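Peer 1: Mind having a look at this structure? Questions to follow.
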Amino acid sequence: MCGINGIITAKAALKRNIIKSNLLLRHRGPDDEGYAVINCSSGAAKEYSGVYSAPEIKKKYPAIEFPESSMEEVILAHRRLSIIDLSINGHCPMCSADGNVWITYNGEIYNYIELRNELEKDGFTFRTNSDTEVIINSYLKWGVNCLNHFNGMWAFAIWDKRSRRLFAARDRFGVKPFYYINGSGYFAFSSEIKPLVCYMPSAPAINKNRVPFFLLYGNRLNTTDTYLNDINSLKASCYLIYEKGKVSVKQYYDINRTTDNLNEEQLKNKIVELLSDSIKLRFRSDVPVGTCLSGGFDSSSIVSLSGELNTKSLETFSAVWNEKNCDESYYIDIVNNAYGCTPNKVIPDVNEFAEVFETLCYYQELPTEGPGLYPQWYVMKEARKKVKVLLDGQGGDEVFGGYFQMGAYLRGIIKDRKMLKAAAESRNFLQFLNKSGLHSFSSWLFPRQYNYLTRSKLSAKFDVLNKELAGSLNKEELFFDAEPKKLFGNYLSDLSYHFIRNITIPALLHYEDRSSMAQSIESRVPFLDYRLVELGVNLSANNLSHRGVSRPLYRKALKPKLPEEVVNRKDKLGFPVPFSEWTKGPLKSYIYDNLTGAFGLFDYINKSKFESNLKDHFAGTKDYSWELWRLLSLNNFLKLFSKNEFRN
């Protein structure tokens, strides 16, 4: 995993800016740095080293420089986090054997060994052991259709000297980011947003449509626009062609909705088979691999199946708490002991909140929704001490029918007039729900009155948004389908599809990427192997939710491999944080000082209403802790991109 950067322009000043731009990605790739400058007309190419290039690269290539030139050139830049083929042979940017194709690449193609064998049979030769060269030769063989052959996560840009065009692509579910600007006299791209700001003539304007949407409904990151005007995001499952100043974007993949005619036993075996193979592929690495462990079903499943694939003791990384209502040590210890893991536990410290929160916001590059990011930051920081690659359980709920989907399931039963079954399912399910879960349940049972996108929604609970901004939102855009009846065929199957494509997964993957890469950690997500996703999304409603139990088939499939305590667990916590208590205690002054003197925040919210709600919160009559996190995060974002004072 790495950081990529590039620009196509004839402007000498913009060319020079790539050095500063690439410096802002150093955390994504501290092991090496590289540049390739290609003349758009002649195709002549030259490679350069940078300040942070590996010593062997500095000896091989001259230091980067940009003499005055009005020739249009492609400059590809790279920051390397060495995972596969640790030698300098894996250095990027990399070119094809004939010099016609150049690539800068971030990610991992997990099936690169199988693809390499296939390509060698077709006469392709390889100079390295890297997956980067597999992408190059796959492109030479299949063109843009090479994307359909990859199993992995990726964001890359290929310059083809023969056609004089740039081909860029992002993986199926958007694990790896890709941002771009098609500006006046230049096209630029990067793994993150801050490097692109280096090319802009002035501070970027805030996308004011994004902010009220965030305050009301959280982040929905399946769109091309970002929080900054003129900076675009390439959507998951899409590729981009830049040619003669024009950008065209096409979608190359969508989740296959074909149902396999398998019985329950065959489906259970298929789940274990695909998840095991997904984990096996994601253990391909020339550096140490560990896994996150929360004590929940998904992370425990990864640990269990990882243990079957490896003889070495697995390093696990967990956040634990002194507060019993948040702590999951009991389950974490059970899993670690069951599989002989080497546990690594960290206790997030409230006394470090100001520093950690500011840093976290800096790397996220957008306002974030909730305090679960705080323990995630500590886990990644702890993991950095021992491993470079970390497996995580993102996607398990979305793929197999998490508890939040029960309301939609019941709605389907009611619509089919199976009232007794609906009553029985409701009775079984409601015993497991806390107040928050009940809201999510209601939101899908009565979708015209509620929407899951609102999770801890400010629109009803913390109504501080300026009325003018709230009224300007396109209400139809707040729902991924304006007519709920059109959404549900197989209710839960359709719902899983939209959670993966539109609702939770895009934001969760963004948070995961930024938290891990800030610590120079490559995070891999086995549940989002496209083969497993297509199996889960196409399961019948009964296999996604049954008798009040979410994900019943998935649970049955993994039950023989997990400790009984984890299988029967009902108190799902996610990434729990005692943030509510903190806001009324050790963080009270921090919150008051930062929000009452907020930078630009009151352009979006009603100050008097906010101060009244803050008073209620501190008095303990209301709990607005999640909303306070959002406002703190938004305030930090506004400050960051108004000053543009970025760290190197």
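Okay, so the sequence shown: first residue is 2 according to this note's numbering, each after it adds one.
Here a beta-carbon is modelled for each residue, glycine too, at the ideal position from N, C-alpha and C.
Just so we're clear, the structure is a prediction, and the values are computed from it rather than from any experiment.
(1) Between which residues of its own chain and Glu399 is the CB-CB distance below 7 Å, once the five residues before and five after are set aside?
(2) Identify which residue in Ile242, Tyr111, Ser203, Ile207 has its Cα closest to the Cα of Arg165.
(3) In its own chain, which residues sit with a C-beta less than 6 Å from the C-beta of Asn18, not counting the 5 before and 5 after it?
(4) What residues in its chain sit with their C-beta under 7 Å from that of Phe580, if we drop five residues either side in the sequence?
(5) Looking only at its own chain, which residues have a Cβ that is under 7 Å from the Cβ of Tyr140, when we skip the five neighbours before and after it?
(6) Under DSSP, the beta strand (DSSP E) around Ile159 begins and ends at which residues?
(7) Does the Cβ-Cβ distance between Lys281 and Leu315 come in under 7 Å?
(8) If you run the structure through DSSP and keep just helix, strand and coil, what is Cys41?
(9) Going along the chain, which residues of its own chain have a beta-carbon closer than 6 Å to the beta-carbon of Asn637, five neighbours each way excluded?
(10) Output needed for Thr343: all residues of its chain with C-beta closer than 6 Å, excluding positions within five of it in sequence on either side, in chain order.
(11) Give me whichever residues DSSP pairs with His79 in a beta bridge.
(12) What's the call for Ile52, buried or exposed, on a 16-neighbour Cβ count within 10 Å?
(13) Specify the secondary structure class of Lys47 as computed by DSSP and reduced to three states.
(14) So the beta strand (DSSP E) Thr260 belongs to, where does it begin and stop?
(15) Which term fits Tyr331, buried or exposed, when burial requires 16 or more other beta carbons within 10 angstroms of its beta carbon?
(16) In chain order, what residues of the same chain have a beta carbon less than 6 Å from the beta carbon of Arg525, not counting five sequence neighbours either side?
(17) If we count the other Cβ atoms within 10 Å of its Cβ and call it buried at 16 or more, is Gln377 buried or exposed?
(18) Closer than 8 Å by C-beta to Asn543: which residues in its own chain qualify, once you throw out the five before and the five after it? Chain order, please.
(19) Contact between the region 83–98 and the region 41–59 is defined here as three or more beta-carbon pairs at a separation below 8 Å; is this criterion met?
(20) Excluding the 5 residues flanking Pro63 on each side, which residues of the same chain have their C-beta closer than 8 Å to its C-beta?
(21) Could you have a look at Phe190 and say whether DSSP puts it in helix, strand or coil?
(22) Considering only residues of the same chain and omitting the five flanking positions on each side of Ile335, which have a CB-CB separation below 7 Å?
(23) Grouping DSSP H, G and I as helix and E and B as strand, with all else coil, what is Cys239?
(24) Would you decide whether Val176 is buried or exposed? Buried here means 16 or more other CB atoms lie within 10 Å of its CB.
(25) Name the two residues that bound the continuous beta strand (DSSP E) containing Lys247.
(26) Determine whether the beta carbon atoms of Arg532 and Leu275 lie at a separation below 7 Å.
(27) Below 7 Å between beta carbons: does that hold for Ile76 and Val38?
(28) Could you please give me the residues that DSSP links to Tyr180 through a beta bridge?
(29) Taking the C-alpha atoms as reference points, what is the distance between Glu612 and Thr224?
(30) Report the rounded CA-to-CA distance for Pro196 versus Asn6, giving the unit in angstroms.
(31) Label Glu266 either buried or exposed according to how many other C-beta atoms from any shown protein chain fall within 10 Å of its C-beta, with 16 as the threshold for buried.
(32) Hey, is the region 103–118 in contact with the region 129–139, meaning 3+ C-beta pairs nearer than 8 Å?
(33) So, helix, strand or coil for Met95, using DSSP?
(34) What does a CB cutoff of less than 8 Å around Tyr254 pick up in its chain, not counting 5 residues either side in sequence?
(35) Quick check: what's the CA-CA separation for Val304 versus Tyr340?
(36) Please classify Gly108 as buried or exposed, where buried requires at least 16 neighbouring CB atoms within 10 angstroms.
Peer 2: Looking at the coordinates:
(1) Closer than 7 Å at Cβ, skipping near neighbours: Ser497, Phe500, Ile501, Thr505, Ile506.
(2) Nearest to Arg165 by alpha-carbon distance, out of Ile242, Tyr111, Ser203, Ile207, is Ile242.
(3) Its chain contains Cys199, Tyr200 as the residues whose beta carbon lies nearer than 6 Å to that of Asn18, once the 5 sequence neighbours on both sides are disregarded; these appear in chain order.
(4) Excluding the 5 residues flanking it on each side, Phe580 has same chain C-beta neighbours closer than 7 Å at Pro372, Ser626, Trp630, in chain order.
(5) Counting only Cβ-Cβ distances below 7 Å, and skipping sequence neighbours, we find Val102, Cys147, Ile159.
(6) Its beta strand (DSSP E) spans residues 153–161.
(7) Taking 7 Å as the cut-off, the beta carbon of Lys281 is found no closer than this to the beta carbon of Leu315.
(8) In the displayed model, Cys41 falls within coil according to three-state DSSP, outside both helix and strand.
(9) Excluding positions up to five away in sequence, the list reads Cys362.
(10) Sequence-distant Cβ neighbours of Thr343 in its own chain, meaning closer than 6 Å and more than five residues away, are Ser314, Glu316.
(11) In DSSP, His79 forms a bridge with Ile5, Gly35.
(12) The sequence as given places Val at residue 52; Ile does not occur at that position. Result: exposed.
(13) DSSP places Lys47 in strand when its eight states are reduced to three.
(14) Looking at the DSSP string, Thr260 is not in any beta strand (DSSP E), and its letter there is neither H nor E.
(15) Answer is exposed; the Cβ neighbour count stays below 16.
(16) If we look at Arg525 and ignore the five residues flanking it on each side, its Cβ neighbours are Arg283, Leu392.
(17) Classification of Gln377: buried, given that the 10 Å Cβ count is 16 or more.
(18) Excluding sequence neighbours, Asn543 sits near Pro553.
(19) Touching, yes.
(20) Closer than 8 Å at the Cβ level, and outside the excluded window around Pro63, lie Tyr49, Ser50.
(21) Phe190: strand per DSSP, three-state reduction.
(22) Only Pro564, Glu566, Val567 meet the Cβ criterion.
(23) The answer is strand: DSSP assigns Cys239 an E or B state.
(24) Label assigned to Val176: buried.
(25) Taken as a continuous stretch (DSSP letters only), the beta strand (DSSP E) holding Lys247 covers 247–252.
(26) Going by beta carbons, Arg532 and Leu275 fall inside the 7 Å limit.
(27) Val38 sits close to Ile76, with the two beta carbons spaced by under 7 Å.
(28) For Tyr180, DSSP records a beta bridge to Ser191, Ser234.
(29) So the two alpha carbons sit approximately 33 Å from each other.
(30) Taking the straight line joining both Cα atoms gives about 8 Å.
(31) So Glu266 counts as exposed.
(32) Counting Cβ pairs under 8 Å, three or more are found: they touch.
(33) Under the three-state reduction of DSSP output, Met95 falls in the strand class.
(34) So the qualifying residues of the chain are Leu148, Asn149, Arg173, Ser238, Tyr531.
(35) Going by the C-alpha atoms only, they are around 8 Å apart.
(36) Buried is the call here.
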